[in-house]
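The sequence shown lines up with residues 36 to 490 when you count with this note's numbering. All C-beta atoms in this analysis are idealised placements derived from N, C-alpha and C, irrespective of residue type, glycine included.
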Amino acid sequence: ASQSGAEKQTTYISQSYVDSLVDRAFYIFNSVSDPASGIPAERAVEYGKQIAAKLREIARDDVNKKYILWRTGELEAQIYLEESGLLLEKEQFRAKESNELVMLYNAEIGKGRPDFMKLWGMHGRMKTTDTARACTMEKSIVNRASALSREIPSAVEIALENGEYESARGDLTYCEANRQYLSLSSIKLASLQAKLLSDFSLSKERLLLKNDFDSLSSALVSNRLPESRSLALKIRNRLDGIQKAMLQLEWSKYNDEYLRLSRKTGNKEDSLLAIVQSRLKSQGIVAAEEFLDTLRLHGVSREKMAKIDRIILEEVIARKKTEPSIVKISIVEDTSEASVLNDLLAVAKKRVAMKKDSLASQRNENARLTQTAEVRRDRMRVALEMQQKRQQERMQENTRRARQELIAVYTLLESGKEKDALAYFQKVRELLEENLSDEEFKKVNQSVSLKNSNP
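Encoded structure:
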(Lines of atoms letter the chains of each structure in order from A and count residues from 1; the text may use other names and numbers.)
(Lines give C-alpha, C1' and ligand atoms only; values in the text may rest on other atoms or scores of the structure.)
Protein backbone atom coordinates (compact mmCIF):
# COMPACT_ATOMS: atom_id res chain seq x y z
CA ALA A 1 0.00 0.00 0.00
CA SER A 2 2.84 2.35 0.85
CA GLN A 3 4.46 1.50 -2.44
CA SER A 4 1.35 2.41 -4.40
CA GLY A 5 1.10 5.62 -2.40
CA ALA A 6 4.70 6.44 -3.29
CA GLU A 7 3.94 5.85 -6.91
CA LYS A 8 1.03 8.29 -6.71
CA GLN A 9 3.27 10.99 -5.20
CA THR A 10 5.63 10.74 -8.15
CA THR A 11 2.77 11.61 -10.65
CA TYR A 12 3.68 14.84 -12.42
CA ILE A 13 1.78 17.15 -14.80
CA SER A 14 3.85 19.83 -16.41
CA GLN A 15 2.94 23.47 -15.85
CA SER A 16 2.95 24.09 -19.60
CA TYR A 17 0.19 21.54 -20.06
CA VAL A 18 -1.87 23.17 -17.30
CA ASP A 19 -1.26 26.60 -18.80
CA SER A 20 -2.33 25.40 -22.24
CA LEU A 21 -5.66 24.13 -20.89
CA VAL A 22 -6.36 27.32 -18.96
CA ASP A 23 -5.24 29.58 -21.81
CA ARG A 24 -7.48 27.62 -24.17
CA ALA A 25 -10.46 28.34 -21.94
CA PHE A 26 -9.55 32.06 -21.72
CA TYR A 27 -9.18 32.20 -25.51
CA ILE A 28 -12.69 30.82 -25.95
CA PHE A 29 -14.02 33.41 -23.47
CA ASN A 30 -12.40 36.17 -25.53
CA SER A 31 -13.81 34.71 -28.76
CA VAL A 32 -17.37 35.19 -27.50
CA SER A 33 -17.10 38.96 -28.11
CA ASP A 34 -16.21 38.32 -31.77
CA PRO A 35 -19.43 37.73 -33.79
CA ALA A 36 -17.40 35.98 -36.48
CA SER A 37 -16.39 33.20 -34.09
CA GLY A 38 -19.93 31.89 -33.76
CA ILE A 39 -19.26 30.82 -30.15
CA PRO A 40 -22.10 31.65 -27.73
CA ALA A 41 -21.34 32.70 -24.13
CA GLU A 42 -23.14 29.67 -22.71
CA ARG A 43 -20.89 27.31 -24.64
CA ALA A 44 -17.71 29.13 -23.48
CA VAL A 45 -18.80 28.94 -19.83
CA GLU A 46 -19.62 25.27 -20.17
CA TYR A 47 -16.20 24.56 -21.72
CA GLY A 48 -14.46 26.49 -18.93
CA LYS A 49 -16.29 24.46 -16.28
CA GLN A 50 -15.22 21.23 -17.97
CA ILE A 51 -11.53 22.35 -17.93
CA ALA A 52 -11.74 23.43 -14.28
CA ALA A 53 -13.27 20.10 -13.25
CA LYS A 54 -10.57 18.20 -15.17
CA LEU A 55 -7.76 20.21 -13.54
CA ARG A 56 -9.10 19.65 -10.04
CA GLU A 57 -9.28 15.94 -10.75
CA ILE A 58 -5.65 15.95 -11.93
CA ALA A 59 -4.43 18.08 -9.00
CA ARG A 60 -5.70 15.63 -6.42
CA ASP A 61 -2.64 13.32 -6.63
CA ASP A 62 -0.15 15.50 -8.52
CA VAL A 63 3.15 16.98 -7.37
CA ASN A 64 2.19 20.35 -8.85
CA LYS A 65 -1.13 20.37 -7.01
CA LYS A 66 -0.71 23.91 -5.71
CA TYR A 67 0.11 25.32 -9.14
CA ILE A 68 -2.74 23.44 -10.76
CA LEU A 69 -5.22 24.62 -8.13
CA TRP A 70 -3.93 28.19 -8.48
CA ARG A 71 -4.52 28.23 -12.22
CA THR A 72 -7.83 26.47 -11.72
CA GLY A 73 -8.85 29.20 -9.27
CA GLU A 74 -8.05 31.85 -11.90
CA LEU A 75 -10.17 29.98 -14.41
CA GLU A 76 -13.10 29.57 -11.99
CA ALA A 77 -12.96 33.27 -11.14
CA GLN A 78 -13.24 34.09 -14.82
CA ILE A 79 -16.09 31.59 -15.16
CA TYR A 80 -17.91 33.35 -12.32
CA LEU A 81 -17.46 36.71 -14.02
CA GLU A 82 -18.62 35.32 -17.33
CA GLU A 83 -21.72 33.75 -15.75
CA SER A 84 -22.54 36.95 -13.88
CA GLY A 85 -22.18 38.97 -17.06
CA LEU A 86 -24.28 36.48 -18.94
CA LEU A 87 -27.03 36.65 -16.34
CA LEU A 88 -26.87 40.44 -16.33
CA GLU A 89 -26.96 40.50 -20.10
CA LYS A 90 -29.96 38.20 -20.15
CA GLU A 91 -31.71 40.32 -17.56
CA GLN A 92 -31.00 43.47 -19.54
CA PHE A 93 -32.24 41.79 -22.69
CA ARG A 94 -35.43 40.71 -20.95
CA ALA A 95 -35.94 44.20 -19.57
CA LYS A 96 -35.32 45.75 -22.98
CA GLU A 97 -37.69 43.30 -24.69
CA SER A 98 -40.28 43.90 -21.98
CA ASN A 99 -40.06 47.67 -22.38
CA GLU A 100 -40.30 47.42 -26.16
CA LEU A 101 -43.36 45.18 -25.82
CA VAL A 102 -44.97 47.66 -23.44
CA MET A 103 -44.40 50.50 -25.92
CA LEU A 104 -45.88 48.49 -28.80
CA TYR A 105 -48.75 47.34 -26.61
CA ASN A 106 -49.62 50.87 -25.46
CA ALA A 107 -49.53 52.13 -29.04
CA GLU A 108 -51.88 49.36 -30.21
CA ILE A 109 -54.38 49.36 -27.35
CA GLY A 110 -54.60 53.15 -27.53
CA LYS A 111 -56.08 52.96 -31.03
CA GLY A 112 -59.79 53.50 -31.51
CA ARG A 113 -60.11 50.01 -32.98
CA PRO A 114 -57.11 47.93 -31.78
CA ASP A 115 -56.13 44.61 -33.32
CA PHE A 116 -56.78 42.06 -30.57
CA MET A 117 -54.81 39.34 -32.34
CA LYS A 118 -51.70 41.52 -32.03
CA LEU A 119 -52.50 42.39 -28.41
CA TRP A 120 -52.84 38.76 -27.36
CA GLY A 121 -49.66 37.92 -29.28
CA MET A 122 -47.77 40.57 -27.27
CA HIS A 123 -49.28 39.16 -24.09
CA GLY A 124 -47.91 35.71 -24.96
CA ARG A 125 -44.41 37.11 -25.51
CA MET A 126 -44.58 39.09 -22.27
CA LYS A 127 -45.35 35.92 -20.29
CA THR A 128 -41.87 34.62 -21.14
CA THR A 129 -40.11 37.79 -19.94
CA ASP A 130 -42.23 39.42 -17.21
CA THR A 131 -45.11 37.51 -15.65
CA ALA A 132 -46.37 40.47 -13.59
CA ARG A 133 -46.63 42.72 -16.62
CA ALA A 134 -48.29 39.91 -18.56
CA CYS A 135 -51.06 39.72 -15.95
CA THR A 136 -51.59 43.49 -16.16
CA MET A 137 -51.76 43.30 -19.94
CA GLU A 138 -54.32 40.49 -19.79
CA LYS A 139 -56.67 42.52 -17.57
CA SER A 140 -56.27 45.56 -19.82
CA ILE A 141 -57.06 43.58 -22.98
CA VAL A 142 -60.18 42.01 -21.46
CA ASN A 143 -61.46 45.41 -20.26
CA ARG A 144 -60.81 47.01 -23.66
CA ALA A 145 -62.66 44.23 -25.48
CA SER A 146 -65.61 44.53 -23.11
CA ALA A 147 -65.80 48.31 -23.60
CA LEU A 148 -65.67 48.00 -27.40
CA SER A 149 -68.37 45.32 -27.35
CA ARG A 150 -70.69 47.94 -25.82
CA GLU A 151 -69.40 50.90 -27.81
CA ILE A 152 -69.39 49.59 -31.38
CA PRO A 153 -73.11 48.66 -31.72
CA SER A 154 -74.09 52.14 -30.51
CA ALA A 155 -71.57 53.74 -32.87
CA VAL A 156 -72.98 51.77 -35.82
CA GLU A 157 -76.55 52.79 -34.96
CA ILE A 158 -75.56 56.47 -34.77
CA ALA A 159 -73.61 56.24 -38.04
CA LEU A 160 -76.64 54.73 -39.80
CA GLU A 161 -78.90 57.49 -38.49
CA ASN A 162 -76.48 60.14 -39.77
CA GLY A 163 -76.00 58.43 -43.14
CA GLU A 164 -72.32 57.69 -42.44
CA TYR A 165 -72.39 54.32 -44.14
CA GLU A 166 -68.64 53.98 -44.67
CA SER A 167 -68.04 54.46 -40.94
CA ALA A 168 -70.70 51.86 -40.10
CA ARG A 169 -69.28 49.42 -42.64
CA GLY A 170 -65.77 49.90 -41.23
CA ASP A 171 -66.93 49.13 -37.68
CA LEU A 172 -68.80 46.01 -38.79
CA THR A 173 -65.79 44.80 -40.76
CA TYR A 174 -63.67 45.34 -37.64
CA CYS A 175 -66.16 43.30 -35.59
CA GLU A 176 -65.94 40.44 -38.08
CA ALA A 177 -62.13 40.47 -37.96
CA ASN A 178 -62.05 40.52 -34.11
CA ARG A 179 -65.17 38.47 -33.56
CA GLN A 180 -63.54 35.82 -31.34
CA TYR A 181 -62.24 38.49 -28.95
CA LEU A 182 -65.39 40.66 -28.66
CA SER A 183 -68.49 39.65 -26.72
CA LEU A 184 -70.89 40.37 -29.60
CA SER A 185 -73.61 37.84 -30.36
CA SER A 186 -73.87 36.58 -33.92
CA ILE A 187 -77.52 37.70 -33.96
CA LYS A 188 -76.63 41.26 -32.97
CA LEU A 189 -73.87 41.44 -35.56
CA ALA A 190 -76.08 40.03 -38.32
CA SER A 191 -78.86 42.46 -37.37
CA LEU A 192 -76.52 45.45 -37.69
CA GLN A 193 -75.25 44.18 -41.04
CA ALA A 194 -78.83 43.82 -42.31
CA LYS A 195 -79.67 47.36 -41.18
CA LEU A 196 -76.59 48.71 -42.93
CA LEU A 197 -77.52 47.05 -46.21
CA SER A 198 -81.13 48.22 -45.93
CA ASP A 199 -80.27 51.83 -45.06
CA PHE A 200 -77.54 51.98 -47.67
CA SER A 201 -80.03 50.73 -50.26
CA LEU A 202 -82.46 53.52 -49.28
CA SER A 203 -79.65 56.05 -49.54
CA LYS A 204 -78.90 54.82 -53.06
CA GLU A 205 -82.59 55.14 -53.91
CA ARG A 206 -82.50 58.79 -52.80
CA LEU A 207 -79.52 59.43 -55.04
CA LEU A 208 -81.18 57.67 -57.97
CA LEU A 209 -84.37 59.66 -57.44
CA LYS A 210 -82.41 62.91 -57.51
CA ASN A 211 -80.69 61.88 -60.74
CA ASP A 212 -84.03 60.85 -62.29
CA PHE A 213 -85.66 64.15 -61.35
CA ASP A 214 -82.72 66.08 -62.84
CA SER A 215 -82.91 64.01 -66.03
CA LEU A 216 -86.68 64.55 -66.29
CA SER A 217 -86.30 68.32 -65.90
CA SER A 218 -83.59 68.37 -68.56
CA ALA A 219 -85.71 66.27 -70.94
CA LEU A 220 -88.66 68.65 -70.51
CA VAL A 221 -86.50 71.69 -71.26
CA SER A 222 -85.22 69.98 -74.44
CA ASN A 223 -88.74 68.79 -75.45
CA ARG A 224 -87.67 65.13 -75.35
CA LEU A 225 -91.20 63.93 -74.69
CA PRO A 226 -90.74 60.11 -74.96
CA GLU A 227 -87.81 60.28 -72.57
CA SER A 228 -89.85 62.50 -70.24
CA ARG A 229 -92.70 60.01 -70.08
CA SER A 230 -90.28 57.10 -69.60
CA LEU A 231 -88.51 58.88 -66.75
CA ALA A 232 -91.82 59.86 -65.15
CA LEU A 233 -92.93 56.22 -65.19
CA LYS A 234 -89.58 55.14 -63.76
CA ILE A 235 -89.88 57.66 -60.92
CA ARG A 236 -93.44 56.56 -60.21
CA ASN A 237 -92.37 52.91 -59.91
CA ARG A 238 -89.40 53.83 -57.71
CA LEU A 239 -91.55 55.94 -55.37
CA ASP A 240 -94.13 53.17 -55.03
CA GLY A 241 -91.36 50.71 -54.21
CA ILE A 242 -89.77 52.70 -51.37
CA GLN A 243 -92.91 54.17 -49.81
CA LYS A 244 -92.95 51.72 -46.88
CA ALA A 245 -89.24 52.06 -46.13
CA MET A 246 -89.11 55.87 -46.25
CA LEU A 247 -90.54 58.34 -43.77
CA GLN A 248 -93.93 59.61 -44.96
CA LEU A 249 -92.92 63.29 -44.88
CA GLU A 250 -89.84 62.66 -47.01
CA TRP A 251 -91.74 60.42 -49.41
CA SER A 252 -94.50 63.05 -49.83
CA LYS A 253 -91.89 65.63 -50.79
CA TYR A 254 -90.58 63.39 -53.57
CA ASN A 255 -94.12 62.51 -54.66
CA ASP A 256 -95.12 66.20 -54.92
CA GLU A 257 -92.11 66.86 -57.12
CA TYR A 258 -93.10 63.92 -59.33
CA LEU A 259 -96.67 65.24 -59.70
CA ARG A 260 -95.38 68.71 -60.59
CA LEU A 261 -93.08 67.45 -63.34
CA SER A 262 -95.69 64.98 -64.59
CA ARG A 263 -98.23 67.80 -64.99
CA LYS A 264 -95.59 69.85 -66.76
CA THR A 265 -95.08 67.02 -69.26
CA GLY A 266 -98.82 66.84 -69.94
CA ASN A 267 -99.11 70.62 -70.31
CA LYS A 268 -96.26 70.71 -72.82
CA GLU A 269 -97.98 68.05 -74.95
CA ASP A 270 -101.30 69.89 -74.71
CA SER A 271 -99.69 73.16 -75.86
CA LEU A 272 -98.18 71.44 -78.92
CA LEU A 273 -101.51 69.86 -79.84
CA ALA A 274 -103.22 73.22 -79.45
CA ILE A 275 -100.92 74.50 -82.21
CA VAL A 276 -102.17 71.67 -84.47
CA GLN A 277 -105.79 72.68 -83.85
CA SER A 278 -104.94 76.32 -84.54
CA ARG A 279 -103.27 75.41 -87.84
CA LEU A 280 -106.24 73.27 -88.78
CA LYS A 281 -108.54 76.28 -88.48
CA SER A 282 -106.25 78.90 -89.99
CA GLN A 283 -104.18 77.02 -92.61
CA GLY A 284 -106.22 73.92 -93.39
CA ILE A 285 -105.91 70.17 -93.17
CA VAL A 286 -102.58 69.78 -95.00
CA ALA A 287 -100.72 72.22 -92.74
CA ALA A 288 -102.23 70.62 -89.65
CA GLU A 289 -101.22 67.12 -90.75
CA GLU A 290 -97.68 68.25 -91.57
CA PHE A 291 -97.26 69.65 -88.08
CA LEU A 292 -98.91 66.56 -86.61
CA ASP A 293 -96.35 64.34 -88.37
CA THR A 294 -93.62 66.46 -86.81
CA LEU A 295 -95.16 65.91 -83.38
CA ARG A 296 -95.25 62.16 -84.00
CA LEU A 297 -91.52 62.22 -84.57
CA HIS A 298 -91.10 64.13 -81.30
CA GLY A 299 -93.03 61.40 -79.48
CA VAL A 300 -96.25 63.00 -78.28
CA SER A 301 -98.34 60.37 -76.45
CA ARG A 302 -100.51 58.10 -78.61
CA GLU A 303 -103.68 58.95 -76.70
CA LYS A 304 -103.39 62.66 -77.43
CA MET A 305 -102.30 62.07 -81.02
CA ALA A 306 -105.38 59.89 -81.56
CA LYS A 307 -107.58 62.71 -80.28
CA ILE A 308 -106.15 65.18 -82.81
CA ASP A 309 -106.37 62.57 -85.60
CA ARG A 310 -110.07 62.27 -84.85
CA ILE A 311 -110.56 66.06 -85.01
CA ILE A 312 -108.76 66.26 -88.39
CA LEU A 313 -110.80 63.34 -89.75
CA GLU A 314 -114.03 65.05 -88.74
CA GLU A 315 -112.87 68.22 -90.49
CA VAL A 316 -112.08 66.27 -93.69
CA ILE A 317 -115.52 64.63 -93.70
CA ALA A 318 -117.23 67.96 -93.11
CA ARG A 319 -115.42 69.59 -96.04
CA LYS A 320 -116.14 66.71 -98.46
CA LYS A 321 -119.85 67.04 -97.80
CA THR A 322 -119.83 70.65 -99.05
CA GLU A 323 -117.78 70.11 -102.26
CA PRO A 324 -120.47 68.35 -104.49
CA SER A 325 -123.03 71.10 -103.91
CA ILE A 326 -120.53 73.72 -104.98
CA VAL A 327 -119.90 71.84 -108.24
CA LYS A 328 -123.61 71.51 -108.99
CA ILE A 329 -124.21 75.21 -108.45
CA SER A 330 -121.40 76.04 -110.85
CA ILE A 331 -122.86 73.81 -113.57
CA VAL A 332 -126.28 75.35 -113.31
CA GLU A 333 -125.05 78.91 -113.39
CA ASP A 334 -122.46 78.55 -116.24
CA THR A 335 -124.26 77.43 -119.44
CA SER A 336 -122.48 79.38 -122.15
CA GLU A 337 -119.97 77.82 -124.61
CA ALA A 338 -117.22 80.07 -123.40
CA SER A 339 -117.97 78.94 -119.93
CA VAL A 340 -117.80 75.29 -120.99
CA LEU A 341 -114.44 75.87 -122.71
CA ASN A 342 -113.12 77.58 -119.68
CA ASP A 343 -114.32 74.68 -117.59
CA LEU A 344 -112.55 72.18 -119.87
CA LEU A 345 -109.32 74.14 -119.65
CA ALA A 346 -109.69 74.37 -115.92
CA VAL A 347 -110.29 70.62 -115.68
CA ALA A 348 -107.20 69.91 -117.80
CA LYS A 349 -105.06 72.22 -115.69
CA LYS A 350 -106.49 70.66 -112.59
CA ARG A 351 -105.60 67.16 -113.82
CA VAL A 352 -102.04 68.21 -114.54
CA ALA A 353 -101.79 69.82 -111.13
CA MET A 354 -103.33 66.75 -109.52
CA LYS A 355 -100.80 64.53 -111.27
CA LYS A 356 -97.97 66.68 -109.96
CA ASP A 357 -99.55 66.70 -106.55
CA SER A 358 -99.95 62.93 -106.74
CA LEU A 359 -96.24 62.43 -107.43
CA ALA A 360 -95.30 64.83 -104.66
CA SER A 361 -97.81 63.16 -102.37
CA GLN A 362 -96.33 59.74 -103.18
CA ARG A 363 -92.85 60.97 -102.33
CA ASN A 364 -94.14 62.51 -99.11
CA GLU A 365 -96.00 59.30 -98.29
CA ASN A 366 -92.86 57.22 -98.84
CA ALA A 367 -90.90 59.56 -96.61
CA ARG A 368 -93.66 59.43 -94.01
CA LEU A 369 -93.70 55.63 -94.08
CA THR A 370 -89.93 55.57 -93.65
CA GLN A 371 -90.19 57.96 -90.72
CA THR A 372 -93.04 55.90 -89.28
CA ALA A 373 -90.94 52.73 -89.50
CA GLU A 374 -88.07 54.49 -87.75
CA VAL A 375 -90.40 55.76 -85.06
CA ARG A 376 -91.82 52.25 -84.64
CA ARG A 377 -88.32 50.81 -84.25
CA ASP A 378 -87.41 53.51 -81.76
CA ARG A 379 -90.56 52.80 -79.78
CA MET A 380 -89.83 49.07 -79.75
CA ARG A 381 -86.30 49.76 -78.54
CA VAL A 382 -87.54 52.12 -75.84
CA ALA A 383 -90.21 49.59 -74.81
CA LEU A 384 -87.56 46.85 -74.51
CA GLU A 385 -85.30 49.11 -72.45
CA MET A 386 -88.20 50.05 -70.19
CA GLN A 387 -89.08 46.38 -69.74
CA GLN A 388 -85.51 45.58 -68.74
CA LYS A 389 -85.43 48.53 -66.35
CA ARG A 390 -88.73 47.50 -64.78
CA GLN A 391 -87.41 43.96 -64.32
CA GLN A 392 -84.25 45.28 -62.69
CA GLU A 393 -86.27 47.60 -60.46
CA ARG A 394 -88.49 44.71 -59.41
CA MET A 395 -85.41 42.73 -58.42
CA GLN A 396 -84.08 45.68 -56.45
CA GLU A 397 -87.44 46.15 -54.76
CA ASN A 398 -87.59 42.46 -53.81
CA THR A 399 -84.08 42.67 -52.37
CA ARG A 400 -85.02 45.77 -50.38
CA ARG A 401 -88.13 44.06 -49.02
CA ALA A 402 -86.10 40.98 -48.12
CA ARG A 403 -83.65 43.07 -46.13
CA GLN A 404 -86.51 44.78 -44.29
CA GLU A 405 -87.95 41.39 -43.36
CA LEU A 406 -84.48 40.20 -42.32
CA ILE A 407 -84.22 43.12 -39.90
CA ALA A 408 -87.66 42.26 -38.52
CA VAL A 409 -86.57 38.65 -37.84
CA TYR A 410 -83.38 39.74 -36.08
CA THR A 411 -85.30 42.32 -34.06
CA LEU A 412 -87.63 39.61 -32.75
CA LEU A 413 -84.63 37.42 -31.87
CA GLU A 414 -82.90 40.27 -30.03
CA SER A 415 -86.11 40.92 -28.09
CA GLY A 416 -86.16 37.30 -26.89
CA LYS A 417 -89.26 36.39 -28.93
CA GLU A 418 -87.82 33.19 -30.42
CA LYS A 419 -91.18 31.57 -31.25
CA ASP A 420 -92.48 34.72 -32.96
CA ALA A 421 -89.21 35.00 -34.86
CA LEU A 422 -89.53 31.39 -36.06
CA ALA A 423 -93.13 31.92 -37.20
CA TYR A 424 -92.27 35.16 -38.98
CA PHE A 425 -89.22 33.57 -40.59
CA GLN A 426 -91.33 30.72 -41.96
CA LYS A 427 -93.75 33.30 -43.35
CA VAL A 428 -91.10 35.24 -45.29
CA ARG A 429 -88.71 32.33 -45.89
CA GLU A 430 -89.31 32.16 -49.66
CA LEU A 431 -88.75 35.90 -50.09
CA LEU A 432 -85.51 35.77 -48.08
CA GLU A 433 -84.17 32.67 -49.82
CA GLU A 434 -84.75 34.11 -53.30
CA ASN A 435 -83.41 37.63 -52.70
CA LEU A 436 -80.64 37.32 -50.09
CA SER A 437 -77.17 35.94 -50.62
CA ASP A 438 -76.57 32.32 -49.64
CA GLU A 439 -74.43 33.41 -46.70
CA GLU A 440 -77.05 35.84 -45.36
CA PHE A 441 -79.86 33.32 -45.62
CA LYS A 442 -77.77 30.57 -44.03
CA LYS A 443 -76.87 32.89 -41.16
CA VAL A 444 -80.44 33.92 -40.32
CA ASN A 445 -81.67 30.34 -40.74
CA GLN A 446 -79.06 29.07 -38.30
CA SER A 447 -79.78 31.88 -35.84
CA VAL A 448 -83.51 31.13 -35.77
CA SER A 449 -82.96 27.37 -35.52
CA LEU A 450 -80.35 27.72 -32.77
CA LYS A 451 -82.52 30.01 -30.65
CA ASN A 452 -85.52 27.70 -30.91
CA SER A 453 -83.49 24.54 -30.24
CA ASN A 454 -82.25 25.82 -26.86
CA PRO A 455 -84.52 24.76 -23.93
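- Between the beta-carbon of residue 114 and that of residue 142 there is about 42 Å, and that puts the pair past the 8 Å contact cut.
- Minimum Cα-Cα distance from residue 430 among the listed residues 464, 164, 470 and 457 corresponds to 470.
- Residue 83 is not a Cβ neighbour of residue 112, given a cutoff of 8 Å.
- Taken in chain order, the complete alpha helix (DSSP H) segments of 4 or more residues contained in the segment 184-233 are 200-212.
- Residue 267 sits close to residue 296, with the two beta carbons spaced by under 8 Å.
- With respect to residue 217, residue 191 sits apart: the two C-beta atoms are not nearer than 8 Å.
- Within the segment 80-128, there are no complete beta strand (DSSP E) runs of at least 3 residues.
- Taking every protein chain shown into account, the CB of residue 210 has 16 or more other CB atoms within 10 angstroms, so this residue is buried.
- Note on residue 233: 16 or more other CB atoms within 10 angstroms of its CB, so buried under the neighbour-count rule.
- In the structure shown, residue 146 falls within a coil segment according to DSSP collapsed to helix, strand and coil.
- Separation of residue 466 and residue 269 (C-alpha to C-alpha, rounded to the nearest whole angstrom) is 24 Å.
- Counting C-beta atoms within 10 angstroms of its own C-beta, residue 289 has 16 or more neighbours from the protein chains shown and is therefore classed as buried.
- Residue 152 counts as exposed, since fewer than 16 other C-beta atoms from the protein chains shown sit within 10 angstroms of its C-beta.
- DSSP, read as helix, strand or coil, puts residue 57 in helix.
- Between the C-alpha atoms of residue 228 and residue 181 there is a straight-line separation of about 20 Å.
- By the Cβ-count criterion, residue 72 is exposed, with fewer than 16 other Cβ atoms from all chains shown falling within 10 Å of its own Cβ.
- When C-alpha distances from residue 417 are compared across 47, 172 and 264, the shortest belongs to 264.
- When the Cα atoms are used, residue 116 and residue 77 turn out to be separated by approximately 13 Å.
- Rounded to the nearest whole angstrom, the C-alpha separation of residue 157 and residue 138 is 11 Å.
- Exclusion of the five residues before and after residue 484 leaves no residue of its chain whose Cβ lies closer than 6 Å to its Cβ.
- Close CB contacts of residue 144 within its chain, under the 8 Å cut and outside five residues either way in sequence, are with 154, 175, 176 and 179 (chain order).
- Close CB contacts of residue 165 within its chain, under the 6 Å cut and outside five residues either way in sequence, are with 133 (chain order).
- In this chain, residue 67 is not harboured by any alpha helix (DSSP H), its DSSP state being neither H nor E.
- Excluding residues up to 5 positions away in sequence, 63, 64 and 67 lie with their Cβ nearer than 6 Å to the Cβ of residue 79 in the same chain.
- The three-state secondary structure of residue 239, taken from DSSP, is helix.
- Excluding the 5 residues flanking it on each side, residue 277 has same chain C-beta neighbours closer than 6 Å at 240, in chain order.
- Spanning the alpha carbons of residue 284 and residue 292 requires a straight line of approximately 13 Å.
- Across the structure, residue 130 and residue 53 are spaced so that their CA atoms are roughly 40 Å apart.
- The C-beta of residue 222 has 16 or more other C-beta atoms within 10 Å across all chains shown, which makes the residue buried.
- In the displayed model, residue 452 falls within coil according to three-state DSSP, outside both helix and strand.
- Boundaries of the alpha helix (DSSP H) harbouring residue 157: 151-162, taken from the DSSP string.
- Here residue 423 carries a helix assignment [DSSP, helix/strand/coil].
- Of the other Cβ atoms in all chains shown, fewer than 16 fall within 10 Å of the Cβ of residue 256; this residue is therefore exposed.
- Annotation for residue 487: the continuous alpha helix (DSSP H) segment containing it runs 473-488.
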